[in-house]
Amino acid sequence: MHHREDFLSNTKNKSSLIRLLREHLHAAGVDAKQADADADTMIAEEALLGAAAQSVTVVTKDTDIVAILIARGSDLSEITVKSPGAGSAADRIFAIGSIRKQLGEMADCVLAAHAFTGCDTTSAIFRKGKLKAWDILKQNEDRRGAARTFNDPHTDKEEIVACGEKLFMALYPKVKGVASLDELRYYEYGRLVAKKSPMHVPLLADLPPTSEGARQHSLRVYLTVQGWLGNSLDPTEWGWQARIQKCSKEGGKVVTFAYLPRGLPSPKGGGNYPNYHPPGSAPGGWCRGDRSLHPVPSTLQPAPEELLKLVACNCKSGCKEGSGCSCRKANLTCSTSCGACRGECCSNTVAGDEADWDSF
């Protein structure tokens, strides 16, 4: 289908298609099941259950399923994964029991390594792939211990955060005297600036994440790993947030969005919030528009308060009195942050205000 991705991106379309396929398979005498949550975990669990009595072949291209089977299987598992080749490429065959034997104790690190470097529900790390993560784990038992911490259903949240930061630090070049991601990020920024010309702007994605960004990533990794191990946790406690929306009275058109604070009950399948409204907004009309979740990027402000309060305009008419210039409204002169005038060629600069010259 030409627009297959667009069609399947709609959750209702996807559910309807799965239901139709399930009914068709049942009619043909094939046992078919539909997952209520993560299908990858259900597929792996069904394979593990079936392998207790007979050999099982799982046909999939999904590496999440392979990782779950390796982590939860045994060295004697008679489970084979068949990954169909694209076009004329040959199919790839993986024997789970053999892979576990080759990995040895490293098999316990598979889920954390896979989720940490990006999967269906976690972000990838820029230019830090799975082979890099696997290499740093093979080199150091302390790092392997940090990875195994994500398998423990009783791990303290702060311990997860600390282990996540340890793994992040290992992915970047070691710097003597640097003990945190924030320090390493600052050091790396200076190093990248020094390497290039004065006019070069470093690619921020090359830098390590902030400690707060790493915290949220580590929480999501733990949630994902625990889900793969069959343990259900509240996503809003582990790096995810629900979104609410405010609709106009006329036609129910969505006019703005906000994120739910932790602890506020989330009505299933939609619902109204008559007693809640985000700070700075008017009450009434707030509701849960859908059941989707969104990652928490950070709980900190994107910049210090002093920078967030800076005002800059984008006037193209000389920033004259009465022109609506945001700098004039704030009783400030224009600066180099302003889009068009750059604080140099308008009537709202120190040089442009003739009265100010008398004071020099």
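All letters in the sequence shown, in the order written, are residues -10 to 349 by my numbering.
Heads up, the beta-carbon is just placed ideally off N, CA and C, and yes, glycines get one too.
These figures come from a predicted structure and were not determined experimentally.
Cα atoms of residue 90 and residue 162: separation of roughly 32 Å, rounded to the nearest angstrom.
With respect to the 8 Å criterion, residue 306 and residue 206 are not classified as neighbours on the basis of their beta carbons. Excluding its 5 nearest sequence neighbours in each direction, residue 312 has C-beta neighbours in its own chain below 8 Å: 304, 306, listed in chain order. CA-CA distance, residue 222 to residue 143, rounds to 11 Å.
Contact between the stretch 153 to 162 and the stretch 120 to 136 is present, with at least three C-beta pairs closer than 8 Å. Three or more Cβ pairs closer than 8 Å define a contact, and the stretch 36 to 52 meets that threshold against the stretch 62 to 81. Scanning the stretch 27 to 54 for uninterrupted alpha helix (DSSP H) segments of 4 residues or longer gives 28 to 40, listed from N- to C-terminal end.
When the beta-carbon positions are compared, residue 136 and residue 98 come within less than 8 Å of each other. Residue 153 is a Cβ neighbour of residue 210, given a cutoff of 8 Å.
For residue 69, no alpha helix (DSSP H) encloses it; the enclosing beta strand (DSSP E) starts and ends at 68 to 72. In the same chain as residue 217, and ignoring 5 residues on each side of it, the C-beta atoms closer than 6 Å to its own belong to 30, 57, 100, in chain order. Pairwise C-beta distances place the stretch 190 to 202 in contact with the stretch 282 to 297, as three or more of them are shorter than 8 Å. Here residue 178 has 191, 196 as same chain residues with Cβ atoms under 8 Å from its own Cβ, once five neighbours each way along the sequence are excluded. Ranked by Cα distance from residue 299, the options 174, 316, 309 are led by 316. Closest by C-alpha distance to residue 118, out of -7, 102, 314, is 102. Beta-bridge pairing by DSSP links residue 127 to no other residue. With a contact defined as Cβ atoms closer than 8 Å, residue 230 and residue 282 qualify at about 7 Å.
A straight line joining the alpha-carbon of residue 93 with that of residue 106 spans about 21 Å.
According to DSSP, residue pairing for residue 248 in a beta bridge involves 232.
Rounded to whole angstroms, the gap between the alpha carbons of residue 314 and residue 324 is 12 Å. By the beta-carbon neighbour count (other beta carbons within 10 angstroms, threshold 16), residue 335 is buried. The beta carbons of residue 68 and residue 42 sit about 12 Å from each other, so the pair does not count as a contact at 8 Å. The C-beta distance from residue 53 to residue 109 rounds to 6 Å, short enough to fall under 8 Å. A distance below 7 Å between beta-carbons, with the five flanking residues on each side excluded, links residue 123 to the following residues of its chain, in chain order: 102. Residue state for residue 84 is assigned as strand, using DSSP reduced to three classes. In this structure, residue 149 places its C-beta atom within 8 Å of the C-beta atom of residue 139.
In this structure, residue 173 sits away from residue 182, with a CB-CB distance that is not shorter than 8 Å.
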